[in-house]
Amino acid sequence: MNSPIHSIHERLAIQSEAMLKEEEKSLADSMNSLMFSLDISSSRSKMKRITCLLHELQNLSKVCEDIQESCKENRVLQLKTELEDVKDILYTLVESRLSPRQLNPFDPSIRFFGIDWEAIFGRCFNVSISICVFSSSFTSQGASLDIVLLNSIFSHLSRIEAEMDSHAEANRLKTIQTLPRPLTKAKSFRETSESKRVLNLGVRHRESQSDLGYAPDFAVKRKNSFLQNVSNMFKNIR
């Protein structure tokens with residue numbers, strides 16, 4: 024038969040174990056919340072960094088003729104690395120709470136030719152605001168994830184990344200597209216075109232003269248020539 028003291032020790036041990044489990048759970052929740060806060064803070068700081076890099080790339084694009092291509096390529100590479108980091112952080116945060124089917128639309132392949140600086144800066148600002156809104160709903164207990172908002176964030180990040188690829192490709196092709204044509208070829212082309220135009224005008228002028236009644240001069244000449252021949256024939260007969 025168990026003594027009362029032994030029963031008290033068992034109850035105390037059970038209570039102590041339950042308290043330890045609660046403390047461990049609370050500590051784990053605190054660590055998860057802290058890690059989430061750090062990840063969100065890192066995402067925000069990276070978006071600020073991305074915006075700064077975009078401003079630098081914009082300034083480099085304005086004076087691209089005087090800047091080496093390697094400098095612009097390094098900026099584009101830095102931008103793509105920062106964007107990939109933000110996407111990886113967001114993927115890590117939501118991967119355990121979403122199914123593969125729900126995660127599938129978050130990587131759209133959007134290609135954009137050319138770049139609109141105002142639009143891309145506005146897109147970065149929207150991503151920062153969306154991350155703040157998403158973080159508030161993510162930390163709420165029992166709240167479901169805003170799939171539409173998350174999809175919007177990933178779509179904007181993929182769009183920015185695609186625009187950077189297109190911008191880098193455009194810079195690489197710019198030297199080919201803007202090569203000056205040889206002056207002799209351009210001049211000969213103009214001269215050929217001008218001579219063709221003058222020739223066409225001359226033909227049209229002669230045709231217009233014929234249409235306006237200048238052909239009778241030629242007919243008169245032919246008649247005079249015929250009368251002269253007849254006159255010569257009579258002279259020969261005489």
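Heads up: the sequence shown begins at 24 in this note's numbering, then just goes up one per residue.
Glycine included, C-beta positions come from ideal geometry on N, C-alpha and C.
TODO: Look up D169 in the DSSP assignment and say whether it is helix, strand or coil.
DONE: In the three-state DSSP reduction, D169 falls in the coil class, being neither helix nor strand.
- [ ] Please work out which residues of its chain come closer than 8 angstroms, Cβ to Cβ, to K71, disregarding the five sequence neighbours upstream and downstream, and give them in chain order.
- [x] Same-chain partners within the cutoff: S151.
Open item on the list: Please identify the residue among S167, H78, L172, S64 whose C-alpha is closest to the C-alpha of Q101.
Closed with: Of the residues S167, H78, L172, S64, the one whose Cα lies closest to the Cα of Q101 is H78.
Task: Cβ neighbour criterion (16 or more within 10 Å) applied to V156 - done: Exposed is the call here.
Open item on the list: If you reduce the DSSP assignment to three classes, tell me which class R119 lands in.
Closed with: Strictly speaking, residue 119 in this sequence is Ser, with Arg absent from that position. DSSP, reduced to helix, strand and coil, places S119 within a helical segment of the structure shown.
Task: For E186, the nearest candidate out of F144, S167, L173 (CA to CA) - done: Ranking F144, S167, L173 by Cα distance to E186 puts F144 first.
Open item on the list: Short of 8 angstroms in beta carbon distance, which residues of its chain neighbour S211, apart from the five on each side in sequence? Order them along the chain.
Closed with: Here S211 scores only 42 on pLDDT, less than 50, and its place in the model should not be relied on; the value that follows carries that caveat. Cβ neighbours of S211 within its own chain (closer than 8 angstroms, five residues either side excluded): none.
- [ ] Return the CA-CA distance between I154 and R67, expressed in angstroms with no decimal places.
- [x] Near 7 angstroms, if we compare the C-alpha coordinates of R67 and I154.
Task: Proximity of V76 and F177 at Cβ, strictly below 9 angstroms - done: Checking the displayed sequence, the identity of residue 76 turns out to be Leu instead of Val. Not a contact, by the Cβ cut-off of 9 angstroms.
Open item on the list: Can you check which of these residues, E184, K48, Q81, V109, is closest to W140 by C-alpha distance?
Closed with: Looking only at E184, K48, Q81, V109, the smallest Cα-Cα distance to W140 is reached by Q81.
TODO: Check the C-beta distance from E184 over to K69 and give it rounded, since I have them as a contact under 8 angstroms.
DONE: In fact, because the Cβ distance is near 13 angstroms, the residues do not count as touching under 8 angstroms.
- [ ] State yes or no: is the C-beta of L168 within less than 9 angstroms of the C-beta of L121?
- [x] When the beta-carbon positions are compared, L168 and L121 come within less than 9 angstroms of each other.
TODO: Give the single residue among S64, D188, S49 whose Cα lies nearest to the Cα of S159.
DONE: Comparing Cα positions, the closest option is S64.
Task: Closest Cα partner of H190 within the set E96, K44, Q38 - done: The residue with the shortest Cα to Cα distance from H190 is E96.
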